[in-house]
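Asks: Those letters in the sequence shown? Residues 53 to 389, by this note's numbering. Could you have a look at this structure, given as structure tokens, before my questions?
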Amino acid sequence: MTRVNDRFVIAAPVTGKLMRVALREGDLVRKGEVVASILPPELDARSYREATLRAQSARGVLGESTARERRARLSLAQAERRLDRNRTLYLEGAISREAFDSIESDAEILRKEAESARSGVESARYALGALQAAVDQELSRKPVRVVAPAEGKVLRIHEKNERVVTAGSPLLDLGDPASIEILFDLLSTDAVRVAAGNKVAISEWGGGGELQGVVKRVEPSAFTKTSALGIEEKRVNIVAVLNGSEPLLGDNFRIQARIVLNEAENVLQIPVSALFRRGNEWHLFVVKDDRAVEKAIKTGIRGAFQVEVLGGLREGERVVVHPTNELRDGMRVKRPE
Numbered sequence: 053m054t055r056v057n058d059r060f061v062i063a064a065p066v067t068g069k070l071m072r073v074a075l076r077e078g079d080l081v082r083k084g085e086v087v088a089s090i091l092p093p094e095l096d097a098r099s100y101r102e103a104t105l106r107a108q109s110a111r112g113v114l115g116e117s118t119a120r121e122r123r124a125r126l127s128l129a130q131a132e133r134r135l136d137r138n139r140t141l142y143l144e145g146a147i148s149r150e151a152f153d154s155i156e157s158d159a160e161i162l163r164k165e166a167e168s169a170r171s172g173v174e175s176a177r178y179a180l181g182a183l184q185a186a187v188d189q190e191l192s193r194k195p196v197r198v199v200a201p202a203e204g205k206v207l208r209i210h211e212k213n214e215r216v217v218t219a220g221s222p223l224l225d226l227g228d229p230a231s232i233e234i235l236f237d238l239l240s241t242d243a244v245r246v247a248a249g250n251k252v253a254i255s256e257w258g259g260g261g262e263l264q265g266v267v268k269r270v271e272p273s274a275f276t277k278t279s280a281l282g283i284e285e286k287r288v289n290i291v292a293v294l295n296g297s298e299p300l301l302g303d304n305f306r307i308q309a310r311i312v313l314n315e316a317e318n319v320l321q322i323p324v325s326a327l328f329r330r331g332n333e334w335h336l337f338v339v340k341d342d343r344a345v346e347k348a349i350k351t352g353i354r355g356a357f358q359v360e361v362l363g364g365l366r367e368g369e370r371v372v373v374h375p376t377n378e379l380r381d382g383m384r385v386k387r388p389e
């Protein structure tokens, strides 16, 4: 199948009532454009009162934290002035080292307490902001706007009509239909023979002729798929890209693809059905003077129906395509009518 290379699935950021989407599949949207609006759920009277009381409690905690920070800063300022005075006395020898170290330690403790009080104020301020936001949202009742993360066309609208959606529900898909890649799967035993850069021929896509492409990547992980015969198979996804843009192809279109693993020019080839094994060599029968002559040959590139001949056979020689088990070297054969 085909799929858009860079696809964006836009999901609902909050739970609420989705307003009717005015866009249609195929519409072009710009980056930052509003594509949907969600109205957050309305609080009932009890929930609204609880949210208001929690916000007031957080405001009181913020005031208490601010006062604690103010006291800590005043105590720290006094301790630092005392430390400065006693430092001079210590340098003049008026007080002992132990007394000066004790005063310095008290100042350091107050400095840590002041930093802790400042962190407490920030935490209380954030808590108040979060609780107050719930109250403000209920008062304003403004819908949450969902914007497009990038420029592209609307590929699919998952939810078009008004309904309640939960956070994370997909709303619509965005992408560039001109940026198409091909996705197909192979048996894992076949996928190991495929590499990035192999040529791909795309057929049965609905248009005339074959489209050409190359393998972009072979995905590193396989998955289990049940065949039409009910057999579980390990398959691997292959991703390919077209050599040129095809405007008739869209997202999730059906195609057939063939991968070129090897290729060569001016190849002498025969049907695979003509070959049989003799020890470690491939053999076949050629027809000379209406008699079967067995030959050993050397093969090269092998496909599903044809095989390349590298040696042991000349162009123009007649070959027995489907030799039977009873056929022997020197036996008379007759060409079918």
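A virtual CB, placed ideally from N, CA and C, is assigned to each residue, including glycine. As the structure is a prediction and not an experimental result, all values here were calculated from the model.
(1) Going by beta carbon distance, what residues of the same chain come within less than 6 Å of Leu91, once the five residues before and after it are set aside?
(2) Ignore the nearest five residues each way along the sequence and tell me which others in Gly382's own chain have a CB closer than 8 Å to its CB.
(3) Under 8 Å by Cβ, that's how I've got Val244 and Ile290 pegged, so tell me the actual separation to the nearest angstrom.
(4) Should Asp341 be listed as close to the ligand COA, given that the test is whether its C-beta is under 8 Å from any heavy atom?
(5) Return helix, strand or coil for Gly331, following the three-state DSSP convention.
(6) Answer with buried or exposed for Glu132, where buried requires no fewer than 16 other C-beta atoms within 10 angstroms of its C-beta.
(7) Please list the terminal residues of the continuous alpha helix (DSSP H) segment that includes Thr241.
(8) Decide yes or no for the touch test of the segment 109-120 against the segment 217-225: beta carbon pairs closer than 8 Å, at least 3 of them.
(9) Are the beta-carbon atoms belonging to Asp225 and Arg208 less than 9 Å from one another?
(10) Comparing C-alpha positions only, which one of Glu285, Glu315, Arg329 and Leu263 sits nearest to Leu301?
(11) How big is the Cα-Cα spacing for Gly145 and Ile161?
(12) Can you check the segment 247-329 for any beta strand (DSSP E) of at least 3 residues that lies completely inside it and give the ranges in chain order?
(13) Tell me the DSSP secondary structure of Leu379 in three-state form.
(14) With 16 other CB atoms within 10 Å as the buried threshold, where does Val359 fall?
(15) Rounded to a whole number of angstroms, what is the C-alpha to C-alpha distance between Val66 and Gln108?
(16) If you draw a straight line from the alpha carbon of Glu77 to that of Val206, how long is it in whole angstroms?
(17) Measure the alpha-carbon distance for Val266 versus Leu320 and round it to whole angstroms.
(18) In the structure shown, what three-state DSSP assignment does Leu126 receive?
(19) Leaving out five residues before and five after Glu85 in sequence, what residues of the same chain have Cβ atoms less than 8 Å from its Cβ?
(20) What are the start and end residues of the beta strand (DSSP E) that includes Gly352?
(21) Would Val312 and Ser240 be called neighbours here (beta carbons separated by less than 9 Å)?
(22) Could you pull the start and end residues of the beta strand (DSSP E) that Pro222 belongs to?
(23) Which whole-angstrom value describes the C-beta separation of Glu121 and Ala169, a residue pair presumed to lie in contact below a C-beta threshold of 8 Å?
(24) Please classify Pro93 as buried or exposed, where buried requires at least 16 other C-beta atoms within 10 Å of its C-beta.
(25) How big is the Cα-Cα spacing for Val338 and Ser325?
(26) What three-state label does DSSP hand Ile90 in the structure shown?
(27) For Arg380 and Ile349, what's the separation of their Cα atoms in angstroms?
(28) Please return the same chain residues whose Cβ sits closer than 8 Å to the Cβ of Gly364, not counting the five positions on each side in sequence.
(29) In or out: Ala230 buried (at least 16 other Cβ within 10 Å) or exposed?
(30) Using CA coordinates, which residue listed in Val73, Leu362 and Asn57 is at the minimum distance from Ser215?
(31) From the DSSP output, which residues share a beta bridge with Ile62?
(32) Hey, could you find the ends of the beta strand (DSSP E) Gly68 is sitting in?
(33) Taking the Cβ atom as the reference point for each residue, do Glu203 and Leu80 lie within a distance shorter than 9 Å?
(34) Below 8 Å on the Cβ atoms is my contact criterion, and I expect Ala253 with Ala309 to pass it. Report the Cβ-Cβ distance as a whole number of Å.
(35) For Leu180, count neighbouring Cβ atoms within 10 angstroms of its own Cβ and tell me buried if that reaches 16, exposed if not.
Replies: In brief:
(1) Gly68, Lys69 and Pro195
(2) Arg343, Ala344 and Val345
(3) Incorrect: roughly 11 Å between the Cβ atoms, too far for contact.
(4) As for the ligand COA, it is missing from this structure, which has no ligand bound.
(5) coil
(6) exposed
(7) Ser240 to Ala243
(8) no
(9) yes
(10) Leu263
(11) 25 Å
(12) 251-255, 263-278, 284-294, 308-312 and 321-323
(13) coil
(14) buried
(15) 25 Å
(16) 5 Å
(17) 26 Å
(18) helix
(19) Val199 and Ala200
(20) Arg343 to Arg354
(21) no
(22) Pro222 to Gly227
(23) 4 Å
(24) exposed
(25) 13 Å
(26) strand
(27) 17 Å
(28) Lys347, Ala348, Ile349 and Lys350
(29) exposed
(30) A small correction: the amino acid at residue 215 is Arg; Ser does not occupy that position in the sequence shown. When only C-alpha atoms are compared, the closest one is Val73.
(31) Leu224
(32) Gly68 to Leu70
(33) yes
(34) 7 Å
(35) buried
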